[in-house]
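Colleague: Residues in the sequence shown are numbered from 98 upward in steps of one, following the numbering used here.
Quick reminder that beta carbons are idealized off the backbone N, C-alpha and C, glycines included.
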Amino acid sequence: MNPTKRIAIILTVIFLIPALFFSVYEISSLNKDEEMIEDIYQKQLEAILFSVNQYSDDAVNSWVSKIELGNNIKENKNSSALHNLLMLNSSIHLAFIVDTLNEKSNIHIFSLDSTQTDSLYSSIQESLQQNTLTLQQLIKYKKSGFRKTEVIKHNLKHVEYFQMLTFVIEGPQHLQIAGLLINPQIFIEDIVGPRLQTVSKDQFILSVFNKSSNTPIYSTQINDTVSVNTSVLAKDLWIFPDYSLGIRRKGTSLKQLVRERTNTNLTLLIGLDVVLIVALLLAFRSVKREVQLAQNKSDFVSNVSHEIRTPLALISMFAETLEMGRAKSEEKKQEYYTIINKEAHRLSGIVNKILNFSQTEAGKKTLHIETVLLNQEISEVLKTYDFHLKNKGFEYSFHQSADLYVKADKEALIEIIINLIDNAIKYSAEKKRIEISLETQENAGLIYIRDHGVGIRKADQNHIFDKFYRVSSGDLAKSQGTGLGLSLVKQLIEKQNGKISVTSAVGQGSTFIVHFPLAR
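1) Between the alpha carbons of Tyr258 and Asn360, how many angstroms are there, rounded?
2) So what's Ser476 in DSSP terms, helix, strand or just coil?
3) What's the C-alpha gap between Gln282 and Ile314?
4) Going by beta-carbon coordinates alone, are Val161 and Thr246 separated by less than 8 Å?
5) Between the alpha carbons of Tyr493 and Ile107, how many angstroms are there, rounded?
6) Please look up how many angstroms separate the CB atoms of Tyr502 and Val469, rounded, as I've assumed it's under 8 Å.
7) Should Lys254 be labelled buried (16 or more other beta-carbon atoms within 10 Å of its own) or exposed?
8) Please report the straight-line C-alpha distance between Ile437 and Phe415, rounded to a whole angstrom.
9) I need the straight-line Cα distance from Val603 to Ile531, nearest angstrom please.
10) Do Leu235 and Phe207 have their C-beta atoms closer together than 8 Å?
11) In the DSSP assignment, find the alpha helix (DSSP H) that holds Lys507 and state where it starts and stops.
12) Mark Met261 as exposed unless 16 or more other C-beta atoms lie within 10 angstroms of its C-beta, in which case mark it buried.
13) Beta carbon of Ala509, beta carbon of Leu615: below 8 Å?
14) Within the same chain, show all residues whose beta-carbon is closer than 8 Å to that of Asp572, passing over the 5 residues directly before and after it, in chain order.
15) Could you check which residue in Lys332, Lys487, Gln389, Asn280 has the C-alpha nearest to that of Ala144?
16) Go through its chain and collect everything with a Cβ distance to Gln294's Cβ below 6 Å, but skip five positions before and after it.
17) Could you give the first and the last residue of the continuous beta strand (DSSP E) run that contains Glu467?
18) Taking buried to mean at least 16 other C-beta atoms within 10 Å of its own C-beta, is His190 buried or exposed?
19) Since Gly343 is in the beta strand (DSSP E), which residue starts that stretch and which ends it?
20) For a quick check, are the C-beta atoms of Gln273 and Ile279 less than 8 Å apart?
21) Let's see if you can read the secondary structure: which residues bound the alpha helix (DSSP H) around Pro281?
22) Within 10 angstroms of the Cβ of Pro408, are there 16 or more other Cβ atoms? Answer buried if so, exposed if not.
23) Considering only the alpha carbon of each residue, which of Pro338, Ile302, Glu357 lies closest to Lys347?
24) Return the bridge partner residues of Phe613 from the DSSP annotation.
25) For Glu247, name the three-state secondary structure that DSSP assigns.
26) I'd like to know whether the C-beta atoms of Ala192 and Leu183 end up nearer to each other than 8 Å.
27) Would you report the Cα separation of Gly290 and Lys240, rounded to the nearest angstrom?
28) Please go through the same chain and pick out, in chain order, the residues whose beta-carbon is closer than 7 Å to the beta-carbon of Glu440, but skip the five residues on each side of it.
29) Please report the straight-line C-alpha distance between Lys489 and Glu428, rounded to a whole angstrom.
30) Are Asp500 and Asn472 close, meaning C-beta to C-beta below 8 Å?
31) Reducing DSSP to helix, strand and coil, say where Tyr138 ends up.
32) In this structure, does DSSP put Asp155 in helix, strand or coil?
33) Count the other CB atoms within 10 Å of the CB of Val149; is the residue buried (16 or more) or exposed (fewer)?
34) Ends of the beta strand (DSSP E) at Tyr218?
35) Between the beta-carbon of Ile544 and the beta-carbon of Ala521, is there less than 8 Å?
36) From Ile336, Arg345, Ile533, pick the residue whose C-alpha is nearest to that of Asp155; which is it?
Rendered as structure tokens:
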């Protein structure tokens with residue numbers, strides 16, 4: 098397994114897989130967590146409703162206590178106490194006390210409107226008779242030391258929506274049935290309303306609904322028209338079972354709140370996973386580049402060693418032959434001198450290329466940008482290289498356009514052209530032809546250097562300008578080299594504000610396109 102794949106597997110096992118497992122676990126736990134949050138929130142709402150119900154129940158019990166207290170003193174004082182109770186509480190329409198549950202029981206009615214009392218005796222008597230079982234149960238509670246209030250149905254006309262609240266009190270001699278006829282709407286507005294406003298603050302909307310109409314008769318929010326079904330939670334009002342007390346969040350509902358929280362957590366988890374994946378990809382890319390660079394450096398040392406060893410071996414061999422006088426004729430001596438000279442030049446070229454690359458890489462190579470006539474400089478290079486090209490069996494052509502002036506360093510330009518021509522020579526096998534042409538395009542002067550050699554695979558075209566890179570497969574891999582030529586070319590071009598690109602197809606040759614800024 099190559100080092101790059103090994104690193105990818107290690108990064109995936111150490112970082113990515115645990116993170117993905119954790120994300121899957123957290124996502125599966127989100128629903129449980131949100132259900133738990135919803136349950137906690139629901140219990141908080143129930144506690145608020147319990148508090149409001151307890152408050153309204155305490156208010157009614159305080160009324161009952163006053164009635165019971167007044168009932169055990171003289172009659173005129175009793176009437177005065179009940180009169181004050183009615184005066185201070187507009188929701189109480191009337192109060193009554195019944196001695197017994199018999200048909201001839203004596204009913205005492207207390208109301209601010211004395212004209213209505215006579216007409217109410219029979220209706221109250223009839224209502225009590227219809228709820229005898231309920232009242233008997235209230236008496237049992239009272240005898241057991243527990244006082245309870247109960248709403249019963251009544252037959253009073255014109256006040257059908259009023260609630261008849263009954264309870265048992267201690268009389269001067271025995272237990273008595275007592276009751277209050279209450280206007281629920283006024284009671285809710287006067288007694289319950291202020292408490293709702295205090296509890297709700299700016300976080301909740303508390304509403305009281307009439308079950309028959311399903312619309313709010315009171316709400317802490319102005320112009321509230323929301324039905325009881327929309328409330329997050331609704332409970333019966335203890336003292337008035339026909340009415341419901343509802344609570345919901347201000348702004349968003351509980352379900353929306355939970356959904357938003359779930360979506361936020363999900364987005365954060367996915368976002369963190371994406372960031373982690375991108376970070377791992379960047380880390381892998383960086384490590385891969387370093388591994389590739391290390392491999393390329395290793396190949397470079399190997400290739401350079403081979404490149405240098407060959408001419409050194411030839412120089413050493415033929416020098417030794419001449420030194421020992423083994424050359425039979427002057428012709429042979431001349432041949433050996435030529436080989437030594439050729440290999441020395443070759444060795445010098447390798448060393449110069451490495452030195453140039455090193456200087457350029459370190460930023461020590463100084464360029465002198467000036468106006469250069471491309472036609473003239475390329476013609477000079479070809480004139481110098483004419484013998485070398487023909488000796489290698491190459492044909493070449495140079496298609497000139499009108500005089501083309503660019504901004505470039507003359508020596509660097511010559512080095513670039515020579516490197517690209519050497520590259521074309523090295524990788525051309527059967528069809529030995531090189532075509533050079535010039536072109537003007539927008540603000541750049543273009544040099545096209547085309548060969549008809551082995552071509553470059555698409556996968557390698559993005560890397561051939563990298564330091565120390567050499568194609569590891571195919572016909573290109575058969576040629577020896579340092580892997581510095583095209584990297585040096587690219588660095589020199591970019592230092593002159595130019596750029597280089599390549600178009601190639603395997604078996605059809607390659608075209609290198611060099612861009613230089615036009616000289617104005």
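Modeller: In terms of the structure at hand:
1) Sequence index remark: in the sequence shown, residue 258 carries index 161 (1-based). Sequence index remark: in the sequence shown, residue 360 carries index 263 (1-based). Taking C-alpha positions only, Tyr258 is separated from Asn360 by approximately 47 Å.
2) Against the sequence shown, residue 476 aligns to sequence position 379. The answer is helix: DSSP assigns Ser476 an H, G or I state.
3) Locating residue 282 in the sequence shown gives position 185, counting from the first residue. Locating residue 314 in the sequence shown gives position 217, counting from the first residue. Between Gln282 and Ile314, the C-alpha separation is close to 7 Å.
4) Taking the sequence shown and counting its residues from 1, the one referred to as residue 161 is at position 64. Taking the sequence shown and counting its residues from 1, the one referred to as residue 246 is at position 149. With respect to Thr246, Val161 sits close: the two C-beta atoms are nearer than 8 Å.
5) Position 396 of the sequence shown holds residue 493. Position 10 of the sequence shown holds residue 107. For the pair Tyr493 and Ile107, the Cα-to-Cα distance works out to about 52 Å.
6) In the sequence shown, residue 502 corresponds to position 405, counting from 1. In the sequence shown, residue 469 corresponds to position 372, counting from 1. About 7 Å; that satisfies the 8 Å criterion.
7) Position 157 of the sequence shown, counting from 1, holds the residue named residue 254. That one is exposed.
8) Here the question's residue 437 lines up with position 340 in the sequence shown. Here the question's residue 415 lines up with position 318 in the sequence shown. Inter-residue distance for Ile437 and Phe415 is about 7 Å (C-alpha atoms, whole angstroms).
9) Here residue 603 refers to the residue found at position 506 when the sequence shown is read from its first residue. Here residue 531 refers to the residue found at position 434 when the sequence shown is read from its first residue. Looking at the two C-alpha atoms, the distance is approximately 17 Å.
10) In the sequence shown, counting from the first residue as 1, residue 235 sits at position 138. In the sequence shown, counting from the first residue as 1, residue 207 sits at position 110. Contact flag unset, no.
11) In the sequence shown, residue 507 corresponds to position 410, counting from 1. Taken as a continuous stretch (DSSP letters only), the alpha helix (DSSP H) holding Lys507 covers 507–523.
12) Walking along the sequence shown from the start, residue 261 turns up at place 164. Met261 comes out buried.
13) Numbered from 1 along the sequence shown, position 412 holds the residue referred to as residue 509. Numbered from 1 along the sequence shown, position 518 holds the residue referred to as residue 615. Not closer than 8 Å, so no.
14) Position 475 of the sequence shown holds residue 572. In this prediction, Asp572 has a pLDDT of 49, which is less than 50 and means its spatial position is unreliable; what the coordinates show is noted afterwards. For Asp572, where only same-chain residues beyond five positions count, the Cβ hits under 8 Å are Tyr524, Ala526, Val551.
15) In the sequence shown, residue 144 corresponds to position 47, counting from 1. Out of Lys332, Lys487, Gln389, Asn280, Lys332 has the C-alpha closest to the C-alpha of Ala144.
16) Translated into positions along the sequence shown, residue 294 becomes position 197. If we look at Gln294 and ignore the five residues flanking it on each side, its Cβ neighbours are Thr317.
17) Sequence index remark: in the sequence shown, residue 467 carries index 370 (1-based). That run of the beta strand (DSSP E) goes 467–470.
18) For the purposes of this step, residue 190 is taken as residue 93 along the sequence shown, with counting starting at 1. Taking all protein chains shown into account, His190 has 16 or more neighbouring C-beta atoms within 10 Å of its C-beta and is therefore buried.
19) Your numbering for residue 343 matches position 246 in the sequence shown. Looking at the DSSP string, the run of the beta strand (DSSP E) that includes Gly343 is 337–346.
20) As a working mapping, residue 273 is identified with position 176 in the sequence shown. As a working mapping, residue 279 is identified with position 182 in the sequence shown. Using a Cβ distance threshold of 8 Å, Gln273 and Ile279 do not count as a contacting pair.
21) For the purposes of this step, residue 281 is taken as the residue at position 184 of the sequence shown. Taken as a continuous stretch (DSSP letters only), the alpha helix (DSSP H) holding Pro281 covers 281–284.
22) Within the sequence shown, numbered from 1, the residue matching residue 408 stands at position 311. It is buried - the Cβ of Pro408 has at least 16 other Cβ atoms within 10 Å.
23) The residue given as residue 347 occupies position 250 in the sequence shown. For Lys347, the nearest C-alpha among the options comes from Ile302.
24) Reading the sequence shown from its first residue, position 516 is the one you call residue 613. Within the DSSP bridge table, the entry for Phe613 names Gly542 as partners.
25) Locating residue 247 in the sequence shown gives position 150, counting from the first residue. Of the three classes helix, strand and coil, the one that applies to Glu247 here is strand, per DSSP.
26) By one-based count along the sequence shown, residue 192 stands at place 95. By one-based count along the sequence shown, residue 183 stands at place 86. In contact: Ala192 and Leu183 (Cβ atoms closer than 8 Å).
27) Stepping through the sequence shown from its first residue, residue 290 is reached at position 193. Stepping through the sequence shown from its first residue, residue 240 is reached at position 143. When rounded, the separation of the alpha-carbon atoms in Gly290 and Lys240 is 34 Å.
28) Numbered from 1 along the sequence shown, position 343 holds the residue referred to as residue 440. Contacts found: Pro408, Leu411, Ile412.
29) The residue labelled residue 489 in the question sits at position 392 within the sequence shown. The residue labelled residue 428 in the question sits at position 331 within the sequence shown. Their backbone Cα atoms lie some 23 Å apart in a straight line.
30) By 1-based counting over the sequence shown, the position of residue 500 is 403. By 1-based counting over the sequence shown, the position of residue 472 is 375. In contact: Asp500 and Asn472 (Cβ atoms closer than 8 Å).
31) Locating residue 138 in the sequence shown gives position 41, where the first residue counts as 1. Residue state, collapsed to three classes: helix.
32) The sequence position of residue 155 within the sequence shown is 58, counting from 1. Asp155: helix per DSSP, three-state reduction.
33) For this step, residue 149 is matched to residue 52 along the sequence shown. Result: buried.
34) Taking the first residue of the sequence shown as 1, we reach residue 218 at position 121. That residue, Tyr218, is in no beta strand (DSSP E); its alpha helix (DSSP H) goes 214–227.
35) For this step, residue 544 is matched to residue 447 along the sequence shown. For this step, residue 521 is matched to residue 424 along the sequence shown. Against a cut-off of 8 Å, the Cβ pair of Ala521 and Ile544 comes out as no contact.
36) Taking the first residue of the sequence shown as position 1, residue 155 is located at position 58. For Asp155, the nearest C-alpha among the options comes from Ile336.
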